[in-house]
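Chemist: This structure is in structure tokens; I'll ask about it shortly.
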Amino acid sequence: MRFPTLIVILVSLTLCSCAWLNKGKEKDDDQSYTADYTERDFYDIIQKDLGFGSWEKAISNLEALEAQYPFGEYAEQAQLELIYAYYKMGDYEAAIASADRFIRLHPQHPNVDYAFYLKGLASFVQSKGFIDQFIPTDDTKRDPGTARNSFATFNELLNRFPESPYATDALKRMIYLRNILARHEIHVANYYFLRGAYLAAANRGRFVVENFQKTPSVPDGLAVMAEAYYLMQMYELAEDATTLLAANYPDYPLLDSDGSFKYQDDPNYMAPTWLNKVTLGLYDKPEPPRFDTRHIYNERYQEEGEEGANPKNKWISWLTLGILD
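Numbered according to my numbering, the sequence shown spans residues 1033 to 1357.
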């Protein structure tokens, strides 16, 4: 049995070697294909690749152009177009890295604002998430890291180049991102109510009120503060938050006609009932305070029903046990 096994191993190694050699030969052929290209030849073929959407081929030629003509007439333009090609191909990390490199090497370039804009766009698309391409999800419940990065990049673009042709679009995206970041803080506050961490919830609500003024999440931020302070028996602070809420948002759902807040005044609201225990948590679930009035104060959600949930997506939430909604 040893000899057939040895033959199989030798044949496998031979095939692998041939494949490796052929791959190396193909690479050499590709290099020889562009070996006689002038800088203008490179640039013309790259424009055709970009025009046809051949992003991978364009990236390869852009990298070859920069390697062979690092100080040529089209070198800086090629670096800009490399950022764009990476972005269009969906390699957002590479697009961001290329944009950072261009900004570092050419801070005074007349088109450096374009590099900032593409960097912000790459982070913006990352903040949306891959699954959004197939299933509608709540983008306010994701890790806000990429959203913060995109906001910071667009903010730098506006500060440094207020007259940039990309400034208007960047500002619109910043408004969207700011709303996302504010709503994320409210989601975190709701989670803290679930865990009984009232001080942490109050801090999140105050952070929204102080740092995200004029966003649709401010009324919920005030309500979070009122409820959290009340549960901590800090009644004066709770009343202050309620007064601000009633003065600025008199139609808030948890306010009475006289402006009084409808507190969740049971400190044991998370204690399970006997029915909840008997059914292993399927029925009569505890209901902690939860604040989400997007359907009232955010135009984007006003046509989608309470809690900003699109009725078409409820079956997705049911199938995924609430993971996606």
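Think of the CB as a built atom: it goes at the ideal place given N, C-alpha and C, for glycine as much as any other residue. Just so it is clear, the structure is predicted and the values come from calculations on it, not from any experiment.
Answer yes if the segment 1276-1283 comes into contact with the segment 1244-1254, meaning at least three C-beta pairs across the two stretches below 8 Å, and no otherwise.
Modeler: Cβ pair count under 8 Å is three or more, so yes.
Chemist: Output the boundary residues of the alpha helix (DSSP H) element that contains Met-1121.
Modeler: Residues 1107-1121.
Chemist: Is Thr-1200 buried or exposed, if buried means 16 or more other CB atoms sit within 10 Å of its CB?
Modeler: With fewer than 16 Cβ atoms within 10 Å of its Cβ, Thr-1200 is classed as exposed.
Chemist: Please check the pair Glu-1331 and Gln-1296, which I expect to be a contact at CB under 8 Å, by giving their CB distance rounded to whole angstroms.
Modeler: Going by Cβ atoms, the distance from Glu-1331 to Gln-1296 rounds to 28 Å, so no, they are not a contact pair.
Chemist: At what residues does the alpha helix (DSSP H) containing Tyr-1075 begin and finish?
Modeler: Start and end: 1071-1084.
Chemist: On the three-state DSSP scale, how would you describe Leu-1286?
Modeler: In the structure shown, Leu-1286 sits in coil (DSSP, three-state: anything other than H, G, I, E or B).
Chemist: Just tell me which of Gly-1291, Pro-1321 and Glu-1105 has its CA closest to the CA of Leu-1276.
Modeler: Comparing Cα positions, the closest option is Gly-1291.
Chemist: Just mark Pro-1194 as buried or exposed, buried being the case when its beta carbon has 16 or more other beta carbons within 10 Å.
Modeler: With fewer than 16 Cβ atoms within 10 Å of its Cβ, Pro-1194 is classed as exposed.
Chemist: Please list the terminal residues of the continuous alpha helix (DSSP H) segment that includes His-1219.
Modeler: His-1219 -> alpha helix (DSSP H) spans 1199-1227.
Chemist: Looking at C-alpha atoms only, which residue of Asp-1170, Arg-1227, Glu-1125 and Arg-1133 is the closest neighbour of Ala-1154?
Modeler: For the residues Asp-1170, Arg-1227, Glu-1125 and Arg-1133, the minimum Cα distance to Ala-1154 belongs to Glu-1125.
Chemist: Tell me the DSSP bridge mates of Phe-1103?
Modeler: Looking at the DSSP assignment, Phe-1103 forms no beta bridge with any residue, so it has no partner.
Chemist: In its own chain, which residues sit with a C-beta less than 6 Å from the C-beta of Ala-1273, not counting the 5 before and 5 after it?
Modeler: For Ala-1273, where only same-chain residues beyond five positions count, the Cβ hits under 6 Å are Leu-1254, Met-1257 and Ala-1258.
Chemist: Please report the straight-line C-alpha distance between Ser-1159 and Tyr-1262, rounded to a whole angstrom.
Modeler: Answer to the nearest angstrom: the Cα atoms are 35 Å apart.
Chemist: So, under 8 Å CB-CB, Arg-1215 and Ser-1182 are touching, yes? Tell me the CB distance rounded to an integer number of Å.
Modeler: So it is not a contact: roughly 16 Å between Cβ atoms.
Chemist: Counting C-beta neighbours from all protein chains within 10 Å, is the total for Arg-1205 16 or more, i.e. buried, or is it exposed?
Modeler: Arg-1205 comes out buried.
Chemist: Alpha helix (DSSP H) containing Asp-1252: first to last residue?
Modeler: Residues 1250-1263.
Chemist: For Phe-1293, which of helix, strand or coil comes out of DSSP?
Modeler: In this structure, Phe-1293 counts as strand in the three-state DSSP scheme.
Chemist: Counting along the chain, where does the alpha helix (DSSP H) carrying Asp-1272 start and finish?
Modeler: First-last of the alpha helix (DSSP H) with Asp-1272: 1267-1280.
Chemist: Between Leu-1189 and Asp-1145, which are expected to be in contact by the criterion C-beta below 8 Å, what is the C-beta distance as a whole number of angstroms?
Modeler: Yes, Leu-1189 and Asp-1145 are in contact; Cβ-Cβ is about 6 Å, under 8 Å.
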